[in-house]
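118 is the number that our numbering gives to position 118 of the sequence shown; each next residue is one higher, with no gaps. To keep things clear, I will list the structure first and then write my remarks on it.
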Amino acid sequence: MHSKTEYALLMHSQLEDPLGNGEASLPCSPDNKFSDSLTLFHSEKAVQELLQQTPIQHTDDHLIEFSEALRTVAKALKQAAEGKAFAQAEAAEWKRRFELERAQNQQLEHKGKSPGECNGDINAQQMENSTNQTMLRNEANEQSENCCTNGLCSHEILHDGETDSHAKAVQNKMMRKASFKLSWWCKGDISDQHKHDIVSFERGNITAAGRSSKQISLKWESNPQTVLVMTKPNSTSVQILCADMIRWMKEHKKLNIYVEPRVMGELLSESSYFNFVQTWKDEKEILSLHTKVDLVVTLGGDGTVLWAASMFKGPVPPIVSFSLGSLGFMTPFHSEQYRDCLDSILKGPISITLRHRMQCHVIRDAAKNEYETEEPILVLNEVTIDRGISSFLANLECYCDNSFVTRVQGDGLILSTTSGSTAYSLGAGGSMVHPQVPGILFTPICPHSLSFRPLILPEHVTIRVQVPFNSRSPAWASFDGKDRKQLAAGDALVCSMAPWPVPTACQIDSTNDFLRSIQDGLHWNLRKTQSVEGPRDL
């Protein structure tokens, strides 16, 4: 049996020369990024060989304890080598993925055209029409001249990049969508010219010009022809109202009506009178709805508005929402006066709120290239990343553009639009924000920290939420309360502002509707007035 001294000397010699060639190991070259890992690996191997070659007798308790310590050291060396190599590979992979995502976003930005370029393409196509369409060409030219002079034209809001489909729409007057113009107005102003925000620099002084508080107004330049009606399911009162509204719009306004396949079945089961109502058959027809529909009418609550917005993966027609739900932050109109409301809206002009949406990409760690990434998801309220049914804390790494923000340790995280500030984000302690304020709300869910306060980030940033490889459990992402997806270790969720807002009609104006909704729906700052009787300041 080896003595303690001999055993220690043998261990020392093995660590100095783990390969057994009689030469001490040299320092690792800094040019080799895996040299440290190899050194740790050889050291761990030497310890293992030493344990196997050295006879350990049960009679010597000290040697037994020493052997256990050596095994612990070998295990720690192995874990350190594997962890370092894995971290280097992970950092390189996420750098590649982030550069790829940024390049894709830049390509999407370059695809967009300015209003002047859009009008130039339309005028060029109109000049190529035959002489038999002179009347239609003159009408289109007048529309193009009026477009984009005092505000935003419908080509900016509903343009989807397909100039061929737009040319066909101009040639076919019966199938052409109604055009409109968005302008900024203020009560008491005769002109609808927008007073732009201007920053002037004069004599070394930077001065911001008077900021405009004007609301956005929609003015029809041609009469709406097609209306899409969407309803809350499983409600008898909504079915009755829907049938009555469709009959009135057809008989008094001569409008073309689209409904969901479910509503189509309900109407035909009631009466064959509704044979004129149209619907769609597959996903391909849904993707082209924005080229046919001039106006969307919803009968239900805020959930029905979310469902209607999710039907449009690109541009969204104006939405008129009638309140038939419990809370109405986005449903300002009352169903009892639907005839007067629709008559006023179809004539125009109307005040609208442009509600921004977020575009979310799920990037899987297992994806080998950009073609294996999942389709983007648009949300009007929020995307939620939580721990699901796991009992462990959610562990999420958050990045804003290329900067690390924080690590979320709690129940989860909410990334919300300003329209969704009165939804889940409000319940988690986030602030209520006017829906036309462009921004992204960064709200933690029950964070295990006393200093983790919600943030409001600018609308132009890109936020990446990543599940680290050392997370104890996966995370779950839900988009406007549905389409739940699991995020495994290494997966990431990338969110940015979408280029297609959701225009919703206002009863009075955007600010008035917002303040009235939080007062009526949430009883915001509801308190009894202090009595006038009592002590007073002298």
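Virtual Cβ for every residue (Gly too), placed ideally from N, Cα, C.
Using the Cα positions of residue i and residue j, report the straight-line distance between them to the nearest angstrom.
{"i": "residue 275", "j": "residue 268", "result": "7 Å"}
{"i": "residue 504", "j": "residue 105", "result": "27 Å"}
{"i": "residue 263", "j": "residue 423", "result": "28 Å"}
{"i": "residue 546", "j": "residue 328", "result": "A question about residue 546 goes unanswered here, because the residues of the chain that appear run from 1 up to 538."}
{"i": "residue 402", "j": "residue 108", "result": "19 Å"}
{"i": "residue 530", "j": "residue 522", "result": "21 Å"}
{"i": "residue 436", "j": "residue 235", "result": "32 Å"}
{"i": "residue 226", "j": "residue 421", "result": "32 Å"}
{"i": "residue 511", "j": "residue 217", "result": "13 Å"}
{"i": "residue 23", "j": "residue 399", "result": "Legend: pLDDT at residue 23 = 43, less than 50; position of this residue unreliable, value from coordinates given subsequently. Near 48 Å, if we compare the C-alpha coordinates of residue 399 and residue 23."}
{"i": "residue 390", "j": "residue 406", "result": "22 Å"}
{"i": "residue 67", "j": "residue 76", "result": "14 Å"}
{"i": "residue 85", "j": "residue 78", "result": "11 Å"}
{"i": "residue 194", "j": "residue 408", "result": "With a pLDDT of 42 at residue 194, under the threshold of 50, the predicted position of this residue should be treated as unreliable, and no value is reported."}
{"i": "residue 80", "j": "residue 468", "result": "18 Å"}
{"i": "residue 470", "j": "residue 442", "result": "23 Å"}
{"i": "residue 83", "j": "residue 393", "result": "22 Å"}
{"i": "residue 509", "j": "residue 395", "result": "42 Å"}
{"i": "residue 182", "j": "residue 438", "result": "18 Å"}
{"i": "residue 256", "j": "residue 243", "result": "14 Å"}
{"i": "residue 62", "j": "residue 397", "result": "46 Å"}
{"i": "residue 536", "j": "residue 456", "result": "41 Å"}
{"i": "residue 417", "j": "residue 69", "result": "55 Å"}
Just list the residues that DSSP pairs residue i with in beta bridges.
{"i": "residue 396", "result": "408"}
{"i": "residue 476", "result": "386, 486"}
{"i": "residue 354", "result": "503"}
{"i": "residue 453", "result": "DSSP, once it has assigned bridges, lists no residue as partnering residue 453."}
{"i": "residue 71", "result": "DSSP lists no partner for residue 71."}
{"i": "residue 492", "result": "363, 466"}
{"i": "residue 416", "result": "382, 441"}
What residue does the alpha helix (DSSP H) around residue i start on, and which one ends it?
{"i": "residue 339", "result": "338 to 347"}
{"i": "residue 251", "result": "236 to 253"}
{"i": "residue 424", "result": "424 to 427"}
{"i": "residue 366", "result": "Neither: residue 366 is in no alpha helix (DSSP H) and is coded neither H nor E."}
{"i": "residue 262", "result": "261 to 270"}
Mapping the DSSP letters down to three states, classify residue i as helix, strand or coil.
{"i": "residue 446", "result": "strand"}
{"i": "residue 140", "result": "Any reading at residue 140 needs caution, since the residue's pLDDT is 42, under 50, leaving its predicted position unreliable; the model's value is listed next. Residue state, collapsed to three classes: helix."}
{"i": "residue 391", "result": "coil"}
{"i": "residue 520", "result": "helix"}
{"i": "residue 120", "result": "With a pLDDT of 45 at residue 120, under the threshold of 50, the predicted position of this residue should be treated as unreliable, and no value is reported."}
{"i": "residue 361", "result": "strand"}
{"i": "residue 310", "result": "helix"}
{"i": "residue 497", "result": "strand"}
{"i": "residue 290", "result": "helix"}
{"i": "residue 64", "result": "helix"}
{"i": "residue 274", "result": "helix"}
{"i": "residue 256", "result": "strand"}
{"i": "residue 86", "result": "helix"}
{"i": "residue 19", "result": "Model confidence at residue 19 stands at a pLDDT of 42, short of 50, so the residue's coordinates are unreliable and nothing is read from them."}
{"i": "residue 526", "result": "coil"}
{"i": "residue 335", "result": "helix"}
{"i": "residue 421", "result": "helix"}
{"i": "residue 403", "result": "strand"}
{"i": "residue 514", "result": "helix"}
{"i": "residue 78", "result": "helix"}
{"i": "residue 110", "result": "helix"}
Is the beta carbon of residue j closer than 7 Å to that of residue i?
{"i": "residue 466", "j": "residue 492", "result": "yes"}
{"i": "residue 513", "j": "residue 332", "result": "yes"}
{"i": "residue 382", "j": "residue 414", "result": "yes"}
{"i": "residue 342", "j": "residue 357", "result": "no"}
{"i": "residue 440", "j": "residue 428", "result": "no"}
{"i": "residue 463", "j": "residue 495", "result": "yes"}
{"i": "residue 478", "j": "residue 384", "result": "yes"}
{"i": "residue 280", "j": "residue 388", "result": "no"}
{"i": "residue 219", "j": "residue 349", "result": "yes"}
{"i": "residue 351", "j": "residue 215", "result": "yes"}
{"i": "residue 299", "j": "residue 258", "result": "no"}
{"i": "residue 224", "j": "residue 354", "result": "no"}
{"i": "residue 304", "j": "residue 232", "result": "yes"}
{"i": "residue 410", "j": "residue 447", "result": "yes"}
{"i": "residue 306", "j": "residue 480", "result": "yes"}
Can you tell me where the beta strand (DSSP E) with residue i in it begins and where it stops?
{"i": "residue 383", "result": "382 to 386"}
{"i": "residue 319", "result": "319 to 323"}
{"i": "residue 297", "result": "295 to 300"}
{"i": "residue 230", "result": "226 to 231"}
{"i": "residue 378", "result": "377 to 379"}
How about residue i: is its Cβ closer than 6 Å to a heavy atom in the ligand SAH?
{"i": "residue 428", "result": "Judged by which ligands are present, the structure shown has none, so any question about the ligand SAH falls away."}
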